[in-house]
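Colleague:
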Amino acid sequence: MNGVSERTASGRHGTANRSDVTAGLCFAFLAVICALALGPSMAPYDAMGANLTIGLGPPTESHWLGTDALGRDILSRVIVGARAALLGPLIVTLVSMVFGNALGLIAGCRGGWVDSVVMRWVDLMLALPGLLVAVVVIGALGGGYWVAVAVLGVLLVPFDARVIRGAALEQIPRPYVEAARTLGVPWWRLTLFHVWPNVSAVTVANSFLAFAMALVSLSGLSFLGFGADAGQPDWGLMIAENRTNLFENPASVVAPGCLLILTATCVNLLGDWVYQRLSERGLSR
Amino acid sequence: MNEVESVDEPALEIRRLRIEAAGRGTATTIVSSLDLSLAAGETVGIVGESGSGKSMTARAVVGLLPPSVFVSRGEIRYGGRSLLELTERQWRRIRGSELGFVMQDPFTMLNPVRKCGRVIEESLPDAGRGTSRRQRRAESIERLAEVGITDEAVADRYPFQLSGGMRQRVAIAAAIASEPQVLIADEPSTALDVTTQRDILLLLKKLQAARGMGLVLITHDLRVAFAMCDRVYVLYAGHLVEAAAAAELESTPMHPYTHGLLISEPPVDRRVAELTGIPGAVPVPDDVAGRCAFEPRCAWSTPTCRNGTPPLTEVAPRHLSACTRVREIHGEMAHPRSRMRLAEPLPPARPPSGGPLVRGRDVRKVFDGRRDQAPALAGVSFEIGYGESVGLVGESGSGKTTLARSLVGLERITSGELVVDGVAVSAGSRLDARDRRRLSHTVQMVFQDPYSSLNPMRTIGSALKEVVRLHDPSATDPSARVAELLESVGLPAELAQRKPVILSGGQRQRVAIARALAVRPKLLVFDEPLSALDMSAQAQVLNLLTRLHRDRGIGYLFITHDLAMVRQIVDRVYVLYRGDIVESGPVDEVLARPADQYTKKLIESIPRPTGTWLT
Numbered sequence: 071m072n073g074v075s076e077r078t079a080s081g082r083h084g085t086a087n088r089s090d091v092t093a094g095l096c097f098a099f100l101a102v103i104c105a106l107a108l109g110p111s112m113a114p115y116d117a118m119g120a121n122l123t124i125g126l127g128p129p130t131e132s133h134w135l136g137t138d139a140l141g142r143d144i145l146s147r148v149i150v151g152a153r154a155a156l157l158g159p160l161i162v163t164l165v166s167m168v169f170g171n172a173l174g175l176i177a178g179c180r181g182g183w184v185d186s187v188v189m190r191w192v193d194l195m196l197a198l199p200g201l202l203v204a205v206v207v208i209g210a211l212g213g214g215y216w217v218a219v220a221v222l223g224v225l226l227v228p229f230d231a232r233v234i235r236g237a238a239l240e241q242i243p244r245p246y247v248e249a250a251r252t253l254g255v256p257w258w259r260l261t262l263f264h265v266w267p268n269v270s271a272v273t274v275a276n277s278f279l280a281f282a283m284a285l286v287s288l289s290g291l292s293f294l295g296f297g298a299d300a301g302q303p304d305w306g307l308m309i310a311e312n313r314t315n316l317f318e319n320p321a322s323v324v325a326p327g328c329l330l331i332l333t334a335t336c337v338n339l340l341g342d343w344v345y346q347r348l349s350e351r352g353l354s355r
Numbered sequence: 189m190n191e192v193e194s195v196d197e198p199a200l201e202i203r204r205l206r207i208e209a210a211g212r213g214t215a216t217t218i219v220s221s222l223d224l225s226l227a228a229g230e231t232v233g234i235v236g237e238s239g240s241g242k243s244m245t246a247r248a249v250v251g252l253l254p255p256s257v258f259v260s261r262g263e264i265r266y267g268g269r270s271l272l273e274l275t276e277r278q279w280r281r282i283r284g285s286e287l288g289f290v291m292q293d294p295f296t297m298l299n300p301v302r303k304c305g306r307v308i309e310e311s312l313p314d315a316g317r318g319t320s321r322r323q324r325r326a327e328s329i330e331r332l333a334e335v336g337i338t339d340e341a342v343a344d345r346y347p348f349q350l351s352g353g354m355r356q357r358v359a360i361a362a363a364i365a366s367e368p369q370v371l372i373a374d375e376p377s378t379a380l381d382v383t384t385q386r387d388i389l390l391l392l393k394k395l396q397a398a399r400g401m402g403l404v405l406i407t408h409d410l411r412v413a414f415a416m417c418d419r420v421y422v423l424y425a426g427h428l429v430e431a432a433a434a435a436e437l438e439s440t441p442m443h444p445y446t447h448g449l450l451i452s453e454p455p456v457d458r459r460v461a462e463l464t465g466i467p468g469a470v471p472v473p474d475d476v477a478g479r480c481a482f483e484p485r486c487a488w489s490t491p492t493c494r495n496g497t498p499p500l501t502e503v504a505p506r507h508l509s510a511c512t513r514v515r516e517i518h519g520e521m522a523h524p525r526s527r528m529r530l531a532e533p534l535p536p537a538r539p540p541s542g543g544p545l546v547r548g549r550d551v552r553k554v555f556d557g558r559r560d561q562a563p564a565l566a567g568v569s570f571e572i573g574y575g576e577s578v579g580l581v582g583e584s585g586s587g588k589t590t591l592a593r594s595l596v597g598l599e600r601i602t603s604g605e606l607v608v609d610g611v612a613v614s615a616g617s618r619l620d621a622r623d624r625r626r627l628s629h630t631v632q633m634v635f636q637d638p639y640s641s642l643n644p645m646r647t648i649g650s651a652l653k654e655v656v657r658l659h660d661p662s663a664t665d666p667s668a669r670v671a672e673l674l675e676s677v678g679l680p681a682e683l684a685q686r687k688p689v690i691l692s693g694g695q696r697q698r699v700a701i702a703r704a705l706a707v708r709p710k711l712l713v714f715d716e717p718l719s720a721l722d723m724s725a726q727a728q729v730l731n732l733l734t735r736l737h738r739d740r741g742i743g744y745l746f747i748t749h750d751l752a753m754v755r756q757i758v759d760r761v762y763v764l765y766r767g768d769i770v771e772s773g774p775v776d777e778v779l780a781r782p783a784d785q786y787t788k789k790l791i792e793s794i795p796r797p798t799g800t801w802l803t
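Protein chains in written order, with the numbering used here: chain A, 71 to 355; chain B, 189 to 803.
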């Protein structure tokens with residue numbers, strides 16, 4: 071125990087405060103985005119309301135981020151777009167977490183042919199070019215934001231399953247698992263109550279990664295026209311729609327772009343921090 | 189020894205050393221104050237349990253403290269220089285060439301991707317300067333021969349191809365390649381088998397004498413310290429509590445802690461009714477700051493012991509003790525070992541009723557992928573009766589753990605017959621659910637490492653309750669049963685709410701025992717249950733096991749490499765060597781009159797402070 075606590079302390083020396091501050095900033099930023107996503111009333115104008123009399127324009131006092139070609143307020147659209155930016159990835163993450171964890175744990179803890187079947191499926195899925203599959207499926211099904219969300223959810227399951235299986239395999243040979251086996255604990259209890267809590271740090275960290283990945287992928291699909299319906303306030307779609315107006319109103323592209331990058335980065339950093347804290351707790355126990 | 193000590197300037201001197209670890213906003217004490225001196229050619233031992241700060245002291249001396257651990261006060265002087273002021277660049281000239289360092293774990297100490305010969309070549313004093321590849325290689329082979337490796341091919345092997353003892357030899361050869369004046373050895377033999385331990389200690393002693401090198405030996409084993417060292421420093425919870433010449437410390441300890449350690453040790457030559465260990469567990473240094481660190485566990489403590497840290501005073505010539513009451517109590521502490529109570533003569537072994545509980549016939553186990561190698565178990569036959577306590581002794585790789593794991597169904601034997609209470613665990617196919625259940629009702633296992641055998645994320649209560657519910661679904665009040673179980677292993681029932689992290693090693697092992705007892709098994713398998721514990725905890729757990737065996741009549745299969753331990757607890761013993769049982773019989777008989785060559789060697793290897801152990 072001695073050795074472990076020493077190592078933990080040493081690994082964090084000097085960086086402890088900095089990583090805490092970073093995590094705090096990321097958290098604050100994400101909190102603001104969440105607040106925007108939950109309250110469309112915060113938008114100063116109707117995000118969908120075209121105003122052709124104004125038309126395309128740079129930032130002004132009344133339109134802080136300017137307007138797009140249809141005279142829609144960029145600020146309002148960015149704010150309302152936060153909802154699409156968070157909701158879709160959240161669902162993707164939940165789907166991949168639930169199914170990925172279940173498959174990964176079953177494969178890791180049961181082993182044998184169950185493991186083989188699950189892992190060959192995972193191999194197959196990972197061999198597919200994800201974005202291409204998404205484009206084909208969405209094209210066939212007629213597209214739309216929710217179809218994109220569903221496809222991404224399915225595509226991320228094998229990633230999660232593989233990581234969780236690895237983490238579970240690491241736990242299986244540990245004496246506490248063997249002790250539970252000799253005590254006659256049924257395998258499903260062993261999986262759910264013994265192994266899973268000990269891989270939960272990985273589960274959480276992986277979910278943060280999945281969220282960031284889903285956010286970027288969804289925006290990418292929207293940019294390509296396979297995601298959000300035309301006209302909807304969506305960051306990816308906004309970049310696509312306004313990229314021709316880059317010089318007339320740079321804010322119309324830069325604002326959604328920056329928000330996208332910042333959100334994804336913050337989610338990743340926060341995920342790192344949470345993982346570090348969780349695994350530290352696990353180690354010192 | 190005295191003439192060595194009379195040298196004016198000691199080779200290594202530590203004064204008022206204080207080591208702290210930086211945490212989140214706070215600093216925790218690791219070593220509160222330590223004074224130590226080492227004369228040229230002298231061997232000094234630092235003895236302490238885990239958490240005493242002995243390893244960090246060693247690391248401080250060679251300037252290899254982990255990043256968050258630092259020396260906050262004091263001085264370390266070597267050859268007239270203060271080591272603490274050195275820059276990393278200056279350190280590199282001293283480390284290795286003047287101060288050698290041997291670590292505990294020969295498995296991680298050598299770079300796994302470098303050949304052993306290269307490891308030594310790198311450490312040679314003229315490494316890379318003007319010597320040819322061939323010369324350096326010849327030199328490294330010579331160095332290997334010096335540590336007893338005469339096979340030249342070893343220089344071309346990778347560390348993982350060598351046994352633990354060989355690796356430690358290579359590590360020692362590398363550490364002394366540059367002819368250091370002082371060698372710091374941090375538990376150099378702890379991770380090794382008893383027989384190998386003796387060889388390595390002998391080697392260190394020989395090298396030290398041949399080179400006139402100073403040796404600082406860090407160990408938790410008093411027997412090793414007494415056999416190796418001129419003087420011994422006893423460290424407890426970051427405090428130096430006693431320092432004296434080895435022989436004197438053994439015969440007349442002047443501090444209750446040293447006394448406690450001496451009587452916690454099971455005697456090799458006889459069985460005692462109960463070991464009088466030290467109650468409680470080692471505290472964190474900061475919890476006992478400003479008073480005698482040992483006071484909470486001391487049998488002689490008085491309120492005055494809580495008034496300030498007792499100073500280290502010279503209680504006899506060249507004998508320092510940090511006990512303020514030593515003048516009143518030293519008479520009671522003298523010759524502790526000889527006063528241990530003898531056990532009542534063993535009752536005759538109960539004749540097993542209705543055949544043996546466990547019967548193994550020609551049990552073989554070959555691990556997959558290693559079919560070309562020697563089998564882990566090469567056809568062993570054995571029996572364990574109901575309520576009988578049986579020992580299984582052997583070195584690592586002898587197959588003793590494989591045998592235990594086969595018994596509880598964690599490993600499947602390749603051929604032979606293994607029947608546990610009517611359940612054939614040797615059957616060709618998997619055990620069906622019913623047999624598996626019956627097996628888990630009959631046999632339970634306590635693992636070696638108490639730190640990983642409890643699920644870190646679950647409370648102790650929920651872990652125990654799960655087992656109670658599984659094996660007795662009709663139990664009306666599982667919580668009461670959990671409390672009862674905890675009490676039976678000497679733990680307070682309140683611990684049920686807590687997670688394993690707050691427990692010491694000894695307490696964790698008690699929880700593991702309680703968990704095994706929860707199914708009311710007929711046989712408990714112990715796989716080296718004490719080897720990961722501190723000395724004082726070992727005595728406590730050993731006493732607990734003796735009591736449980738006596739009161740409940742549970743059979744034991746006790747696996748260990750420690751013959752002193754096995755004598756205290758088992759009736760009959762099997763000696764396992766390379767997958768074969770080479771000797772068996774009543775424990776007293778086997779230890780007193782070993783018939784087999786290997787058993788003899790094992791008995792000779794038991795650390796003994798005096799006599800012929802290291803000659």
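Even for Gly, the Cβ is constructed at its ideal location relative to N, Cα and C.
1) Take B/Gly262 and list the residues in its own chain whose beta-carbon comes closer than 6 Å to its own, dropping the five residues that flank it on each side.
2) Looking at B/Ala434 and B/Val420, is the spacing between their C-beta atoms short of 8 Å?
3) Compute the beta-carbon to beta-carbon distance between A/Thr163 and A/Ala280, rounded to the nearest angstrom, for a pair I have assumed lies under 8 Å.
4) Hey, how far is the Cα of B/Leu730 from the Cα of B/Pro782?
5) Quick one, which residues of the stretch 625-636 of chain B are near chain A if we go by CB-CB under 9 Å, in chain order?
6) On the premise that B/Gly579 lies in contact with B/Val713, defined as a C-beta separation below 8 Å, what is that separation, rounded to the nearest angstrom?
7) Report the neighbours of A/Ser107 on chain B: residues whose CB is nearer than 9 Å to its CB, in chain order.
8) Classify A/Asn315 as buried or exposed, calling it buried when 16 or more other Cβ atoms lie within 10 Å of its own Cβ.
9) Quick check on the DSSP output: the beta strand (DSSP E) that includes B/Pro774 runs from which residue to which?
10) Residues of chain A with a CB under 7 Å from the CB of B/Glu672: which are they?
11) Mind listing the chain A neighbours of B/Gly597? Cutoff is C-beta to C-beta under 9 Å, in chain order.
12) According to DSSP, what are the bridge partners of B/Ser577?
13) Could you tell me which chain A residues have their CB closer than 9 Å to the CB of B/Glu375, listed as they occur along the chain?
14) Using a 10 Å radius around the Cβ and a threshold of 16 neighbouring Cβ atoms, would you call B/Val259 buried or exposed?
15) Identify every residue that forms a DSSP beta bridge with B/Glu777.
16) Identify which residue in B/Thr602, B/Ser793 and B/Gly241 has its Cα closest to the Cα of B/His408.
17) Please report how far the alpha carbon of A/Ser287 lies from the alpha carbon of A/Gly141, in whole angstroms.
18) What are the complete alpha helix (DSSP H) segments, minimum 4 residues, inside the stretch 318-348 of chain B?
19) Could one say the Cβ of B/Arg622 lies closer than 8 Å to chain A's Cβ atoms, at least one of them?
20) Quick check on the burial criterion: 16 or more other C-beta atoms within 10 angstroms. Buried or exposed for A/Phe296?
21) Going by C-alpha to C-alpha distance, which of B/Leu705, B/Asp344 and B/Asn299 sits closest to B/Glu737?
22) For B/Ala210, which beta-bridge partners are listed by DSSP?
23) Counting contacts by CB-CB distance shorter than 8 Å, is A/Glu248 in contact with chain B?
24) Establish whether the CB of A/Asn268 and some CB of chain B are separated by less than 8 Å.
25) Once DSSP output is grouped into helix, strand and coil, what is the label at A/Phe317?
26) In this structure, how does DSSP classify A/Leu365 when only helix, strand and coil are distinguished?
27) What separation, rounded to the nearest whole angstrom, lies between the Cα atoms of B/Arg593 and A/Leu348?
28) Going by the beta-carbon positions, is the gap between B/Pro709 and B/Gln636 smaller than 8 Å?
29) Would a C-beta distance cut-off of 8 Å place B/Leu428 and B/Met416 closer than the cut-off?
30) With a cut-off of 8 Å, does the C-beta of A/Val255 fall near any C-beta of chain B?
31) Less than 8 Å between CB atoms is the rule here; does A/Thr232 satisfy it with respect to chain B?
32) Going along the stretch 726-748 of chain B in order, which residues come within less than 9 Å of chain A, judged by CB to CB distance?
33) Which of helix, strand or coil does DSSP assign to B/Arg204?
34) What's the call for A/Leu95, buried or exposed, on a 16-neighbour Cβ count within 10 Å?
35) Can you name the start and end residues of the alpha helix (DSSP H) that B/Ile282 belongs to?
36) Output, in sequence order along the chain, the residues in the stretch 657-687 of chain B whose CB is closer than 8 Å to any CB in chain A.
Modeller: This is what the structure gives:
1) Arg203, Arg204, Leu205 and Arg206
2) yes
3) 5 Å
4) 24 Å
5) Arg625, Leu627, Ser628, His629, Val631, Gln632, Met633, Val634, Phe635 and Gln636
6) So it is not a contact: roughly 12 Å between Cβ atoms.
7) Position check: residue 107 of chain A holds Ala in this sequence, whereas Ser was assumed. Those do not exist, as A/Ala107 stays about 33 Å from chain B at its closest Cβ, beyond 9 Å.
8) buried
9) Asp768 to Pro774
10) Within 7 Å Cβ-Cβ: nothing; B/Glu672 doesn't reach chain A, min ~18 Å.
11) Arg251 and Thr252
12) B/Tyr744
13) Chain A residues near B/Glu375: none, gap ~12 Å exceeds 9 Å.
14) buried
15) Answer by DSSP bridge pairing: none, since B/Glu777 is not bridged.
16) B/Gly241
17) 28 Å
18) 321-334
19) no
20) buried
21) First, the amino acid is wrong: residue 737 of chain B is His here, not Glu. Among B/Leu705, B/Asp344 and B/Asn299, the Cα nearest to that of B/His737 is on B/Leu705.
22) B/Ala215
23) yes
24) yes
25) coil
26) Because chain A is modelled from 71 through 355, residue 365 of chain A falls outside the range shown and cannot be assessed.
27) 32 Å
28) no
29) no
30) yes
31) Correcting the residue identity first, residue 232 of chain A is Arg in this sequence and not Thr. Output row for A/Arg232: interface = no.
32) none
33) strand
34) exposed
35) Glu276 to Ile282
36) Leu658, His659 and Lys687
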